[in-house]
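Shown next, in structure tokens, is the structure this report addresses.
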Amino acid sequence: MKPVLHPESMRRADRTAIEQYGIPSLVLMENAARSAAEIIRSRYALDRTTHVTILCGNGNNGGDGFALARHLHESVSVTIVFCGDLNRMTHDAAVNYRAACALGIEVVEWNGRSESSTLPAHTDFIVDALLGVGARGAPREPMATLVGWANEQQVHRIALDVPTGLDADSGAASEPCFRAELTITMGALKTGLFVGDGPDVCGEIEIAPIGIPYPVLAENAAVWLLDRGDLAAAYRRRSPRTTKFDYGRVVVVAGSEAMPGAAALCANAAVAAGAGLVELVTPAVHAALFPEVMPHRYDKPALDRGAWELVSQRLEKATAVVVGPGIGDHPETIELVGEIIAACSGRVPLVVDADALRSVRTDRMLRGVTLTPHRGELARILGVRTAEIARDAHLHAQELAKRTAATVVLKDFPVQIADSERTYWATWYNPALATGGTGDVLAGIIAALWAQGYSQFDAAWMGVALHAEAGRIAAERHGELATRASHLIEALGTVGCTLLDRQ
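Residue numbers (the working numbering): 216 to 718.
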């Protein structure tokens, strides 16, 4: 997994590398430019007929651009478009500006639309090195017009560090905002590349190593970005000398006459994800329920407080419990959920999903509980507007985890997995998962992993990763539009075999 830093944390990491490790800032800038040049050469076919236009400001981001021009100019034709004040350049940017000029690289000074005739008439690449991670708000004129011009060109667009106009912290994009097909970010990933508008304007993301020691980046990380290899490394082979009792008993409390399918999806997913035994307490047994699931029927249209005796009997033997899928929002149902949470919290691992989240309060400790809200459910729990969650989803997920001691799996973009100490992000965007029932499947997977002995936090992030991989495989088989939640369950076996083959 990779560290993701807030802009201020990145600046702190830069200072630590310079002041404590004695790495000059000019060396960091040189490393950044060299790494960026290597990335560009590895991704694109370049030759002397290729023309690259590099837009540079007068800060250190511009300095990266001037240095990149030096590294590219011997193999391609390079033009620098400078937008800024030569007298206000940072020291390192000025050093690299003078070096570029000494090499005879063409430099065009941009002062506004009236100067458009000075811009390259034909170019193959535009590289944005105008504003760095410290910039906030929309670029001002004449830079705004230059960004607008760049976005109009039918060329490859590459951003250095972050696209100009994108808040590197919140991911809010101003107008105009440079729209890149590739963002080469310096040293480490930044939060704004993955949240808000970031995914829409950054394109693919590559990290340019600049020489900051890894421990410095790790200690400044706000978030850790999951990689597919992390799942393969954490996934365990089963010992040949085991029985079903070694892999836990998952009890699913779910469903209603109105929504029996949600309960079946959750229970079936727990089976497919490897739980040794799965039981289902429900008012309605769906015909698609796996025969391996042991159903316990409650003879009413919905679960209510009268179901407590049946539920409590099943909880006594449970290794992990899921409550919520398809359960409905009747007041008595929510009261029952409250009793289940009170009985399990700190004693039996519990996954709380869907309408069961209506019982969650932020003034109660929920140790040993994993919550799986989507954005609207998280907003309701915290008592804020959904629009606020959209702006700072990862901060709100962290807030809920810290206030309740629960593990929070926020089903958002990216998926946030947070407890009181750490936050992981999963960025396997998959439109095939945007269909009813996939959340029920996720809850079952997480409970199954937890029941098999993975830690609470590992069960959460591994469940998210397994779910995403199953979604990818299902989409390849059935297409994004036709993929159903039940297809994910079918694909889980393939995911497991693939993970074991990589070990």
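For every residue, glycine included, the Cβ atom is placed at its ideal position computed from N, Cα and C. Bear in mind the structure is a predicted one, so any value in this text is a computation, not a measurement.
Helix, strand or coil at residue i [DSSP, three-state]
| i | result |
| --- | --- |
| R692 | helix |
| P763 | With the chain represented from 216 up to 718, any question about residue 763 goes unanswered, as that position is not in the structure. |
| A388 | strand |
| Q631 | strand |
| E636 | coil |
| K617 | helix |
| E367 | helix |
| W665 | helix |
| M677 | helix |
| P506 | coil |
| L301 | helix |
| V599 | coil |
| H337 | coil |
| E494 | strand |
| L261 | coil |
| V537 | strand |
| H501 | coil |
| V566 | strand |
| R512 | strand |
| T585 | strand |
| A649 | coil |
| L381 | strand |
| A374 | strand |
| T698 | coil |
Selected residue, minimal CA-CA separation from residue i, among the options
| i | options | result |
| --- | --- | --- |
| M304 | G694, A336, R576, D279 | D279 |
| D262 | F281, H288, A251 | H288 |
| G539 | M509, T650, Q631, A662 | A662 |
| D442 | R699, E684, E636 | E684 |
| T497 | W523, I399, A282 | W523 |
| I295 | N326, Y312, H306 | Y312 |
| G521 | E531, L593, E547, S560 | E547 |
| K515 | P475, A488, V656, G407 | P475 |
| H501 | L581, D415, N483, L283 | N483 |
| L440 | A680, V710, G708 | A680 |
| H306 | D519, G274, V552 | G274 |
| A365 | A383, L381, T338, S454 | T338 |
| P646 | I688, L625, I555 | I688 |
Beta-carbon spacing of residue i, residue j below 9 Å
| i | j | result |
| --- | --- | --- |
| L492 | R464 | yes |
| T638 | V575 | no |
| A248 | R285 | yes |
| F720 | V370 | This structure leaves residue 720 out entirely; the chain is present only between 216 and 718. |
| A232 | L375 | no |
| V467 | V410 | no |
| G386 | G413 | yes |
| A490 | Q667 | yes |
| R452 | L283 | no |
| T642 | I632 | no |
| V630 | L480 | no |
| P357 | G380 | no |
| S292 | H266 | yes |
| I660 | A485 | yes |
| D382 | G352 | yes |
| Y577 | R590 | One detail in the question is off: residue 577 reads as Thr in this sequence, not Tyr. Taking 9 Å as the Cβ cut-off, T577 and R590 do not qualify as a contacting pair. |
| D343 | I320 | no |
C-beta neighbour in chain B for residue i, strict 9 Å
| i | result |
| --- | --- |
| K515 | Protein chain content of the structure displayed is limited to a single chain, and chain B is not contained in it. |
Cβ contact (3+ pairs, closer than 8 Å) linking the stretch 399 to 406 and the stretch 429 to 439: yes
With a threshold of 8 Å, are at least 3 pairs of Cβ atoms found where one atom belongs to the stretch 239 to 247 and the other to the stretch 259 to 270? no
Is it true that the stretch 598 to 614 meets the stretch 700 to 710, where meeting means three or more beta-carbon pairs spaced less than 8 Å apart? no
List, from N- to C-terminal side, the alpha helix (DSSP H) runs of 4 residues or more that fit wholly inside the stretch 411 to 475. 413 to 417, 429 to 434, 443 to 449
Say whether the stretch 637 to 655 touches the stretch 549 to 564, bearing in mind that this needs 3 or more beta-carbon pairs closer than 8 Å, one atom from each stretch. no
At what residue ranges does the stretch 222 to 293 contain a whole run of the alpha helix (DSSP H), taking only runs of 4 or more? 222 to 234, 240 to 258, 275 to 287
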